[in-house]
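Below: the structure, in structure tokens.
2 protein chains.
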Amino acid sequence: MQTMADECACEVLEVVPLVMRAIRSEMRSHRTPELSVPQFRALAFLGRHEGASLSDVAEHVGLTPPSMSKMVEGLVVRDLVVRQVSPSDRRRVTLTLTARGKSILESAHQGTVAHLTEKLAALSPEERATIVQAMQALRRAFASAKEANTGIVR
Amino acid sequence: MQTMADECACEVLEVVPLVMRAIRSEMRSHRTPELSVPQFRALAFLGRHEGASLSDVAEHVGLTPPSMSKMVEGLVVRDLVVRQVSPSDRRRVTLTLTARGKSILESAHQGTVAHLTEKLAALSPEERATIVQAMQALRRAFASAKEANTGIVR
DNA sequence: GATATATAATTAGAAAAGCTAAATATTAGA
DNA sequence: TCTAATATTTAGCTTTTCTAATTATATATC
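Protein sequences appear in the order of chains W and C.
Per numbering that gives the first Met the number 0: the first sequence = residues 0 to 153.
Per numbering that gives the first Met the number 0: the second sequence = residues 0 to 153.
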């Protein structure tokens, strides 16, 4: 059923950037956490994967290692992340959230969720349930593909 | 039903950036069209709204007028868009796609849709139908809010 | 065991894309 | 008519990203 999948793809292609923009705007307008979307994603990943290496995070966020290195530098300076040389492989850098990092992450998450929740309040409970289902399906469709979602494409 | 809306928001906040990254990667890997996501959105909007003004497009894409002005300059130089002073209101600039613009837009659209379609093929027809419904609901929730989605947030 | 190759992270430098503030041109209103 | 508002552009800056090259460490080969 190619047509159906195509229609679905078209919808996704139109709506996802729209929602993404709202997320970015919201994060920008929050003066307290002051995290960009990639920074937020990096912290969120570290929240879920204590002690991940720089390249692990880079791959997840979709940045090149040099860009991630620069970002991490900023996060370290702001006392959100701790950078340690891995004892087992001294080329690797092991990253963990500081207490402050955890708290900032939590607050950024709360703030953005609150904003999205406000928007979603305009919809019916049924529509929100549909969205939850759809997000879970999309996550399955997009989360696995290793090569395609690294962002390091050229 | 705050909890429900919150859960929905969390899902959106996790999944939307994931899908967005896939879209960006795909567009980047397409050497032919070489359009950024905002450029693509601008062209797509012009495809649907012949003769829209610069600020119309800026608002839709979520950029400030100066940024859009710069982007349009690039699109004009690359012969994708024609810029004309509106006869009715000579302050306004009227934008239309060139034949080349239409063709580039079409090809970028095809490529990205094909890529998304491929990913979505892993899902069941029911799941895809759910996604279509969810996208339509999200569009309503996020497209209408005038102040919040202009990207002009501060 | 020495040397060559590969890998992880960083540094350096440049490019892209966005913003704010201010300038310009035009229209609408008092 | 004169003032205020609107649409776009210009100018300058900041942030974020990239590529290329460097450094340090680990692995593999001879």
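Idealized CB from N, CA, C, for every residue including glycine.
Name the residue from W:Pro64, W:Glu125 and W:Val80 whose alpha carbon lies nearest to the alpha carbon of Leu94 of chain W. On the first sequence, residue 94 of chain W is found 95 positions in, with the first residue counted as 1. Residue W:Val80 is the option with its Cα nearest to Leu94 of chain W.
Output yes if chain C places a C-beta closer than 8 Å to the C-beta of Arg127 of chain W; else output no. Start at 1 with the first residue of the first sequence, and residue 127 of chain W comes out as number 128. Closer than 8 Å to some Cβ of chain C, the Cβ of Arg127 of chain W qualifies, so yes.
Tell me the DSSP bridge mates of Thr93 of chain W? To locate residue 93 of chain W, count along the first sequence from 1; it is residue 94. Partner(s): W:Ser52 and W:Gln83.
In three-state terms, what does DSSP make of Ser102 of chain W? Locating residue 102 of chain W in the first sequence gives position 103, counting from the first residue. Three-state DSSP puts Ser102 of chain W in a helix.
What in chain C is Cβ-close to Asp5 of chain W, meaning under 8 Å? As a working note, residue 5 of chain W is residue 6 in the first sequence. Chain C residues near Asp5 of chain W: Val112 and Thr116.
Which one of W:Ser102, W:Glu117, W:Ser52 and W:Glu105 has the shortest CA to CA distance from Ser87 of chain W? Here the question's residue 87 of chain W lines up with position 88 in the first sequence. The candidate whose alpha carbon is nearest that of Ser87 of chain W is W:Ser52.
Hey, Ser85 of chain C and Val75 of chain C are a contact pair by Cβ (cut 8 Å); roughly how many whole angstroms apart? Walking along the second sequence from the start, residue 85 of chain C turns up at place 86. Walking along the second sequence from the start, residue 75 of chain C turns up at place 76. At roughly 16 Å, the Cβ-Cβ gap does not stay under 8 Å, so Ser85 of chain C and Val75 of chain C are not in contact.
In angstroms with no decimal places, state the Cα-to-Cα distance between Thr116 of chain W and Gly73 of chain W. Sequence index remark: in the first sequence, residue 116 of chain W carries index 117 (1-based). Sequence index remark: in the first sequence, residue 73 of chain W carries index 74 (1-based). Cα to Cα, the separation comes out at about 30 Å.
So with CB distances below 8 Å, who are the chain C contacts of Arg40 of chain W? The sequence position of residue 40 of chain W within the first sequence is 41, counting from 1. What Arg40 of chain W touches in chain C: Pro16.
In this structure, how does DSSP classify Val15 of chain W when only helix, strand and coil are distinguished? Looking up residue 15 of chain W in the first sequence gives position 16. Val15 of chain W: helix per DSSP, three-state reduction.
Whose CA, out of C:Ser35, C:Val14, C:Ser66 and C:Ala8, lies closest to the CA of Ile103 of chain C? What you label residue 103 of chain C is simply residue 104 of the second sequence in a count that begins at 1. Out of C:Ser35, C:Val14, C:Ser66 and C:Ala8, C:Ser35 has the C-alpha closest to the C-alpha of Ile103 of chain C.
Locate the alpha helix (DSSP H) running through Arg40 of chain C, then write down its first and last residues. Mapped onto the second sequence, residue 40 of chain C falls at position 41. Start and end: Val36 to Arg47.
Cβ atoms of Phe39 of chain C and Met26 of chain C: under 8 Å apart, would you say? Against the second sequence, residue 26 of chain C aligns to sequence position 27. Against the second sequence, residue 39 of chain C aligns to sequence position 40. Yes, the pair counts as a contact, with Cβ atoms nearer than the cut-off.
Quick one: which chain W residues come within Cβ less than 8 Å of Ile130 of chain C? Within the second sequence, numbered from 1, the residue matching residue 130 of chain C stands at position 131. Simply Cys7, Glu10, Val11, Ala133, Ala136 and Leu137.
Looking at the secondary structure, which residues open and close the alpha helix (DSSP H) in which Glu33 of chain C lies? As a first step, residue 33 of chain C must be located in the second sequence, where it is residue number 34. Per DSSP, Glu33 of chain C belongs to no alpha helix (DSSP H) and is neither H nor E.
How is Ala147 of chain W classed by DSSP in three states: helix, strand or coil? Taking the first sequence and counting its residues from 1, the one referred to as residue 147 of chain W is at position 148. Confidence at Ala147 of chain W is low in this model, with a pLDDT of 34, below 50, so its placement is unreliable and the value that follows should be read with caution. Three-state result, Ala147 of chain W: coil.
To the nearest whole angstrom, what separates the beta carbons of Ala140 of chain C and Lys118 of chain W, a pair I think is in contact under 8 Å? Numbered from 1 along the second sequence, position 141 holds the residue referred to as residue 140 of chain C. Numbered from 1 along the first sequence, position 119 holds the residue referred to as residue 118 of chain W. Indeed, because the Cβ distance is near 5 Å, the residues count as touching under 8 Å.
Classification of Gly100 of chain W by the beta-carbon crowding that lies within 10 angstroms, buried from 16 upward: By 1-based counting over the first sequence, the position of residue 100 of chain W is 101. With 16 or more other Cβ atoms within 10 Å, it is buried.
Pairwise C-alpha distance: Glu49 of chain W and Phe44 of chain C: For this step, residue 44 of chain C is matched to residue 45 along the second sequence. For this step, residue 49 of chain W is matched to residue 50 along the first sequence. Using only the alpha carbons, I get a separation of about 43 Å.
Tell whether a beta-carbon distance below 8 Å holds between Arg127 of chain C and Cys7 of chain W. The residue given as residue 127 of chain C occupies position 128 in the second sequence. The residue given as residue 7 of chain W occupies position 8 in the first sequence. Cβ atoms of Arg127 of chain C and Cys7 of chain W: closer than 8 Å.
Contact set between Val36 of chain C and chain W, taken where Cβ atoms lie within less than 8 Å: Translated into the one-based positions of the second sequence, residue 36 of chain C becomes position 37. Those within 8 Å of Val36 of chain C in chain W are Pro16.
Compute the Euclidean distance between the alpha carbons of Gly46 of chain C and Leu96 of chain C, then round it to the nearest angstrom. Position 47 of the second sequence, counting from 1, holds the residue named residue 46 of chain C. Position 97 of the second sequence, counting from 1, holds the residue named residue 96 of chain C. When rounded, the distance between both Cα atoms is 7 Å.
Rounded straight-line distance, which links the Cα of Val15 of chain W to that of Val14 of chain C: Here residue 14 of chain C corresponds to residue number 15 of the second sequence, with the count starting at 1. Here residue 15 of chain W corresponds to residue number 16 of the first sequence, with the count starting at 1. Taking the straight line joining both Cα atoms gives about 10 Å.
Determine, using beta carbons only, whether Ala136 of chain W and Ile130 of chain C come nearer to each other than 8 Å. Walking along the first sequence from the start, residue 136 of chain W turns up at place 137. Walking along the second sequence from the start, residue 130 of chain C turns up at place 131. In contact: Ala136 of chain W and Ile130 of chain C (Cβ atoms closer than 8 Å).
State the Cα-Cα distance for the pair Ala234 of chain W and Met134 of chain W, rounded to the nearest angstrom. Any answer about residue 234 of chain W is impossible in this case: the structure gives chain W only from 0 up to 153.
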